[in-house]
Structure formats: structure tokens, C-alpha cells
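Residue numbers (the working numbering), protein chains in the order written: chain A, 134 to 506; chain B, 977 to 1224. Idealized CB from N, CA, C, for every residue including glycine. Note that this is a predicted model, so its numbers are computed, not measured. Working notes, structure below.
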Amino acid sequence: MIPAVRELEEAYSLFKRDKRFKLELSALLRDYAGRPTPLYLAANLTRRAGGARIFLKREDLLHGGAHKINNAIGQGLLARKMGKRRVIAETGAGQHGVATAMACAALGLRSEVYMGTEDMERQRLNVLRMQLLGTAVHPVDGGTRTLKDAINEALRDWVTNLKDTYYLIGSVVGPHPYPMMVRDFQSVIGKEIAKQMLARGGRLPDALIACVGGGSNSMGTFYPFLGKKRVRLYGVEAGGTADSGNAATLSFGREGVVHGMLTYVLQDRDGQISGTHSVAAGLDYPGVGPEHSFLKDIGRAKYVTASDEEAVEAFHVLCREEGILPALESAHAVAYALKLAPTMKKDDEVVVTLSGRGDKDVQAIGNRVGFAV
Amino acid sequence: MGGDPDPSSSLEVIEAVLKGGADILEIGIPFSDPIADGKSIQAAAVRALASSTRPVDVLEIASQVRRRHSVPVVLMTYFNPVFASGIGGFLDAAKKAGVDGVIVPDLPLEEAHGFGKAARKRGIDSILLAAPTTGKARMRKIVASASGFLYLVSVLGVTGARSGLSSETVALVKSARRFTAGRIPLAVGFGLSRPEHVEAVIGAGADAAIVGSGIVELVGQAGGDGSRSYGQIEEYVRSLKRATARRS
Chain A
134 MIPAVRELEE AYSLFKRDKR FKLELSALLR DYAGRPTPLY LAANLTRRAG
184 GARIFLKRED LLHGGAHKIN NAIGQGLLAR KMGKRRVIAE TGAGQHGVAT
234 AMACAALGLR SEVYMGTEDM ERQRLNVLRM QLLGTAVHPV DGGTRTLKDA
284 INEALRDWVT NLKDTYYLIG SVVGPHPYPM MVRDFQSVIG KEIAKQMLAR
334 GGRLPDALIA CVGGGSNSMG TFYPFLGKKR VRLYGVEAGG TADSGNAATL
384 SFGREGVVHG MLTYVLQDRD GQISGTHSVA AGLDYPGVGP EHSFLKDIGR
434 AKYVTASDEE AVEAFHVLCR EEGILPALES AHAVAYALKL APTMKKDDEV
484 VVTLSGRGDK DVQAIGNRVG FAV
Chain B
977 MGGDPDPSSS LEVIEAVLKG GADILEIGIP FSDPIADGKS IQAAAVRALA
1027 SSTRPVDVLE IASQVRRRHS VPVVLMTYFN PVFASGIGGF LDAAKKAGVD
1077 GVIVPDLPLE EAHGFGKAAR KRGIDSILLA APTTGKARMR KIVASASGFL
1127 YLVSVLGVTG ARSGLSSETV ALVKSARRFT AGRIPLAVGF GLSRPEHVEA
1177 VIGAGADAAI VGSGIVELVG QAGGDGSRSY GQIEEYVRSL KRATARRS
């Protein structure tokens, strides 16, 4: 696999400086994906929380319904430049799979997506969407039948078909250069936040909040602000439930090596990777992007948790207060904003990255409120 | 696979493999996320973990084998279980169990230096893998850093029995031979399951053929009752061993 990641690293470092590549990418992000996304002052939510002003970065309004398209378009374009015609991807909640299916259809690439059978069950609509978009969805029945196993299977496919296949990884995880590359493609989120906040009030926000599974929307949100020490960064992990467990890798894990990276990992004493639980399939992952581990260790970002219950509650709050159905993943970030904002001054400003919309979760929420979909 | 289907039965499986005539014994430490393995070895790891097999249990199995037999014993483990107990601690325990070499399939050459040094210090071989995509320059580096033997991965992909052996594999063995001859023994694995495969790679110049999936499949087919597989495994290994003597 080393020659393949080397080839990718070389291609990426070449194209990221290439003027035509950059122009094509920004045109696709604007005309196809729908960038820039709005920054919305959530006045009702602010009033309810009773503290700092809360802004929502509306990644949920992107084509496909999540921030995932930023990365899928970027890597899809790179795959085409590299002459790879077959693209494979893994998906947890299905959002990255859908984004990959869309980007590949638009760019004329063939795509296949690996998805755990547990996730296929709880995100059935996204399975159908991928199929409608022309992607073959391969069920993965190994291990915990969730995202980590889908990544394992995608890696197995990749080592078998290195020559013609591009592995389009969906988060800031995996071997170098993936964490760096996915971070760069997602940094458009943080860059726009900075620009929009400056245009609005002439200053940067006091705090940024984003949910962390693998950690791509949060890394994209945080990265342009790393040097702006006054901006506090909060990553919100899946606290799950007391009985079923959690997926809060940075909060409860320890150093380990998985999927080609050294990072915090949820594991047992022998180094066996743990099963995880979250109401949000997209956060259900026992590893995390290595750069998040670094930000935690140097104290630049703070990592906290929101439980299943808090996330579901925040989902309902955002629906009723703002008329916005957030993805359950993003609802974890909203849940923490509801805790943090009241501790801050009225003039302080917090930006919450709303990484995706909740249409995919309506069925799961329906089950919880006793409405069979 | 150590602990497949449970620690004590896996000792019997090993006895059968050795009676069949295996020259080197490779014992796997079961891991939750075996990314280099196909369905058969994944299933073996699932069975071993389901019977609560821990790395210490596999080391205990190795030490029992060592007490009874003189064949070299090699451990196959993914890196995280090694990392979890600390490289030094893991290798000390392996040394104490009488292990001769360790294969870590997800530890590439670029990351293997510290591990290799720690292993050498204890007189344990750090066995490195080379793949069909490995270029000449990298192959030279791998051969220079490897000890014990070079593990040549015969095909692109993961472990698992394949019905045929491609002409590319034979060519691959011949070309790898040019790098290893006079330096280190060459063993070929991944995808070999039949006597004719063994005969072909040995005929192409390999010093050894590595068969794993074919054996754990027999364990799996026996279901919970491991004893049903012992005779079959012995006979299977004997057929593979015989093929090493037939030069085509």
C-alpha cells in the first residue's frame, strides 16, 4: 500500500498548487455543491440559551445535505486527474457515500461504497439514494458492522485493486496524506466562517463548536483558526448512553494504531478495537483524526461529549426554535452550544457548524417518538 | 490462529499441523480489525476472540509448543496489540515464550525500524513483507532490514485461498529470488492453498510456502468440535509438505 499512498501524496502536492485544478474545484464547489453556505444568526436559539449570540454555519444546505461533498468533489477531481476511473469509499451514516456517489456521477467516475449492515439498517434512505445515483453499495457484515468495518473492507479492496482504483476516504483519518488532504478540502468551512464573521461585525468569533466522529467537519472548521489563539475551539463527541456505551474517542480512548494512523483509539487493555455506540451513525467510530489528537494534547482544542439524549433533545429544540432539522451528528454540536452559550457574555459570539441536515434521521427520530415511518 | 476455536483446541490443531510435517509454525494473535486478511482468517479471529483468547494466551500456546517441539515458532500479529503492551514488553514476553520471529503485517518498512531493533536486541527475527507492487529500491531496503525470512505476498490483496496460481506469481517469485539469493530465505504466502501451488512457488525458487487460510478453513468447517478437524488438517499439511519435494 505504501507505493499507492506515495503516488497519492505526490499527485496531491502537485495539484493543490495547480491553478487550473484550484479553479475547477472552486467552480464546482460554487456551482455544483452550492458554496458559500450561509452563516445564520440563530436569534431564537440564542434567546433560548440565554447568553452568547449563536450563529449556525449552514453546511446542511449543501448539495447532498452535508459537508461531505466538499471533500468528495475535491478528491473526485484528484482521482480523475490521476487517471483513476474506479472510486471506492466507505460510509457510516451514508452521507459520505451519497456525496461520493454524486461527485463521481458528475465527474464521470465509477463508484462503489462499503457500508456496515448495521448502518444500512438505520440509514436505509441513504442506501437507496446511493443506488439511485448509480453506486453499488457493498454490505459489510464483519466486526461491529459499522463504519470501522466499512473502512477495513475498503482498505482490503484498495490493496487488491491499487492500480486502477482511487480510495476516496470520507474523513480526516487513515494513512498520510489522507488526514491532511481531507482537512484541506474541508477548510473551506472555516475560511468562510472567518470571512463572513469579519464582514458582519469586523471580528472573529469567540468560540467554534463542531461535532467529532472521524473529525472532518470540525477539522475544516477549526483549521483556519488554529493560529488565532483568542478563538476557542470545542469538538463534541458522541457520549452515547450509560448502558450502550459511547464513541467519544478523545475523551475516553488512549493512543493506538488503527487504519494506518497513530491516534487516540477506543480499545481494550489488549489493544482490541472496541465496539462503539452512538445514536448518530456518522459519529460511531472508535478512532479519530490524528490531528485532533494533537490539538487535544497541546491543549489548543477542547473535546467534550453530548449524550444520545442531549443530542436528540437539541434536534427537537432546533426544529422548533429555528425550523431547521439538523442531522443527529450535528445535533451533538447544537447540544453543547446550548450548554456553553449561557456561560458566555451576551456580546460574545459562537459559531456552530451544522454539518448536515436531518432528513436521513427522520425515520430514527420517528421510532423514538412512536411514529413508524 | 491461536485460540481458534479455543485455546486448548488450537494446541491440538498445532499438533496436527506439525505431525503433517510443517517446517515452521506461524501462530496468529487474533485481532479485532485484521485488514490484511480475507474472510477465512477474519472468521478464525472472530472465533478465537469469541472464546476470549488474549495475546497472553497465544504466548502461552507458543511456549507449550516450544517445550514439546523444535520447529521454529513465528508469531503473526497486527501492530496495535503490540503497541498496547509496549514494544519492549511484548517482545520480552515473546522471548520468554521461546518465539523465534514476529510478523507484523500492518507495520510498513518506514515504521518498522524501532520494532526491528528491539526484536534484534532480543534475538527475535523481525520478518518483513514485500508485495507485487514493491519496487526495486524498496525491495533492496526490505531485504537489508529483514531477518528470519522475507515474506513475499504472492498477489495484490488480502489473505485467502484462491483456486489458481497465476503466472504472474511465478514470475514474481523468480524476480524476488534475485534480491534474496544468498541473503535471506524467501517464503511465499497469501492465496496458496493446494499442493500444486506449493510445488509451483518452490519450483520458481522459493525456499518455503506459507499456508494459513486453508488450515483455518478446516477448523471452521468442524464447527465447535475441533477434534473433527485434526486428522484432516494433518493429512492436508502432509499433502502440502510432499509437494515441496516435487520439483517441477
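Practice prompt. Could you name the residues that DSSP lists as bridge partners for cysteine 237 (chain A)?
Written response: Answer is none; cysteine 237 (chain A) lacks a bridge partner.
Worksheet item: Quick one: what does DSSP say tyrosine 1054 (chain B) is sitting in, helix, strand or coil?
Response: coil
Worksheet item: Would you call the region 371 to 383 of chain A and the region 250 to 263 of chain A touching, i.e. three or more CB-CB distances under 8 Å?
Response: Contact between the region 371 to 383 of chain A and the region 250 to 263 of chain A is absent: fewer than 3 CB-CB pairs across the two stretches fall below 8 Å.
Practice prompt. Quick one: residues in its chain with C-beta nearer than 8 Å to the C-beta of glutamate 140 (chain A), no 5 flanking neighbours on either side, listed in chain order?
Written response: Cβ neighbours of glutamate 140 (chain A) beyond the five flanking positions: Met215.
Fill in: Proximity to glycine 335 (chain A) [Cα-Cα], best of A:Asp401, A:Glu482, A:Gly348, A:Leu162
Of the candidates A:Asp401, A:Glu482, A:Gly348, A:Leu162, the one whose C-alpha sits nearest the C-alpha of glycine 335 (chain A) is A:Glu482.
Practice prompt. Following the continuous alpha helix (DSSP H) through arginine 1214 (chain B), name the residue where it begins and the one where it ends.
Written response: That run of the alpha helix (DSSP H) goes 1203 to 1221.
Worksheet item: Can you give the Cα-Cα distance for glutamate 1211 (chain B) and glycine 1196 (chain B), rounded to whole angstroms?
Response: 16 Å
Fill in: Short CB-CB distance (under 8 Å) between phenylalanine 1091 (chain B) and chain A
It does not: the Cβ of phenylalanine 1091 (chain B) has no partner Cβ on chain A nearer than 8 Å.
Discussion item. 8 Å is my cut-off, CB to CB: does threonine 293 (chain A) come that close to chain B?
Written reply: Taking Cβ atoms only, chain B reaches closer than 8 Å to threonine 293 (chain A), which makes this a yes.
Item to complete: Flag leucine 288 (chain A) as yes if its beta-carbon sits less than 8 Å from any beta-carbon of chain B, otherwise no.
Response: yes
Worksheet item: Considering only residues of the same chain and omitting the five flanking positions on each side of glycine 1190 (chain B), which have a CB-CB separation below 6 Å?
Response: Ala1137, Ser1169
Item to complete: Would you verify that the beta carbon of alanine 1095 (chain B) is, or is not, closer than 8 Å to some beta carbon of chain A?
Response: no
Item to complete: Identify the continuous alpha helix (DSSP H) that holds glutamate 455 (chain A) and give its terminal residues.
Response: 441 to 455
Item to complete: For the region 1118 to 1137 of chain B, enumerate the residues whose C-beta is nearer than 7 Å to any C-beta of chain A, in chain order.
Response: Leu1132, Gly1133, Val1134
Worksheet item: On the premise that glycine 346 (chain A) lies in contact with leucine 416 (chain A), defined as a C-beta separation below 8 Å, what is that separation, rounded to the nearest angstrom?
Response: 4 Å
Item to complete: Could you spell out where the alpha helix (DSSP H) holding glycine 353 (chain A) opens and where it closes?
Response: Where glycine 353 (chain A) is concerned, the enclosing alpha helix (DSSP H) stretches over 349 to 355.
Item to complete: Please compile the residues from chain A whose C-beta is within a distance smaller than 7 Å of the C-beta of aspartate 1009 (chain B).
Response: Gly276, Lys281, Asn285, Val391, Ile406
Fill in: Backbone CA spacing between arginine 1098 (chain B) and proline 1057 (chain B) [nearest angstrom]
19 Å
Discussion item. Which residues of the region 135 to 162 of chain A have a Cβ closer than 9 Å to any Cβ of chain B? Give them in chain order.
Written reply: Cβ proximity to chain B below 9 Å picks out Ile135, Pro136, Ala137 from the region 135 to 162 of chain A.
Fill in: Sequence-distant residues of its chain with Cβ nearer than 7 Å to aspartate 207 (chain A) (five each side left out)
Before going on, a small fix: residue 207 (chain A) reads as glycine here, not aspartate. Taken in chain order, the residues that qualify are Leu158, Phe318.
Worksheet item: So which residues of chain A does leucine 1025 (chain B) contact, with C-beta pairs closer than 8 Å?
Response: Gln405
Fill in: Min CB distance glutamine 1208 (chain B) to chain A below 8 Å
no
Discussion item. With DSSP as the reference, identify every bridge partner of aspartate 1101 (chain B), one or two as the case may be.
Written reply: B:Gly1077, per the DSSP bridge assignment.
Worksheet item: Going by beta carbon distance, what residues of the same chain come within less than 6 Å of threonine 277 (chain A), once the five residues before and after it are set aside?
Response: Gly408
Worksheet item: Taking contact to mean at least 3 C-beta pairs separated by less than 8 Å, is the region 444 to 464 of chain A in contact with the region 187 to 203 of chain A?
Response: yes
Worksheet entry | alanine 175 (chain A) in three-state terms, based on DSSP | coil
Worksheet item: So what does DSSP say about threonine 1156 (chain B), is it helix, strand or coil?
Response: Three-state result, threonine 1156 (chain B): helix.
Worksheet item: What is the DSSP secondary structure of serine 1224 (chain B), reduced to helix, strand or coil?
Response: Below a pLDDT of 50, predicted positions are generally treated as unreliable, and serine 1224 (chain B), at 49, falls in that range; the measurement from the model is reported next regardless. Coil.
Worksheet item: What is the DSSP secondary structure of glutamine 256 (chain A), counted as helix, strand or coil?
Response: coil
Worksheet item: Does the region 250 to 257 of chain A come within contact of the region 213 to 228 of chain A, defined as at least 3 CB pairs closer than 8 Å?
Response: yes
Worksheet item: At a CB-CB cut-off below 9 Å, which residues of chain B make contact with glutamine 400 (chain A)?
Response: Ser1008, Asn1056, Ala1060
Item to complete: Under the assumption that leucine 85 (chain A) contacts arginine 168 (chain A) (Cβ atoms under 8 Å), give the Cβ distance between them as a whole number of angstroms.
Response: Beyond the ends of chain A as shown, which are 134 and 506, falls residue 85 (chain A); an answer cannot be given.
Worksheet item: Taking only runs of the beta strand (DSSP E) that begin and end inside the region 134 to 212 of chain A, which ones reach a length of at least 3 residues, in chain order?
Response: Segments of the beta strand (DSSP E) lying fully in the region 134 to 212 of chain A: 172 to 174, 186 to 191.
Worksheet item: So does the region 467 to 478 of chain A actually touch the region 495 to 505 of chain A, counting three or more Cβ pairs closer than 8 Å?
Response: no
Discussion item. Using 8 Å as the cut-off, can you tell me whether the region 346 to 359 of chain A makes contact with the region 308 to 323 of chain A, which would need three or more C-beta pairs spanning the two stretches below that distance?
Written reply: yes
Item to complete: Kindly provide the ranges of any alpha helix (DSSP H) runs that are 4 or more residues long and lie completely inside the region 1108 to 1162 of chain B, ordered along the chain.
Response: 1112 to 1121, 1143 to 1156
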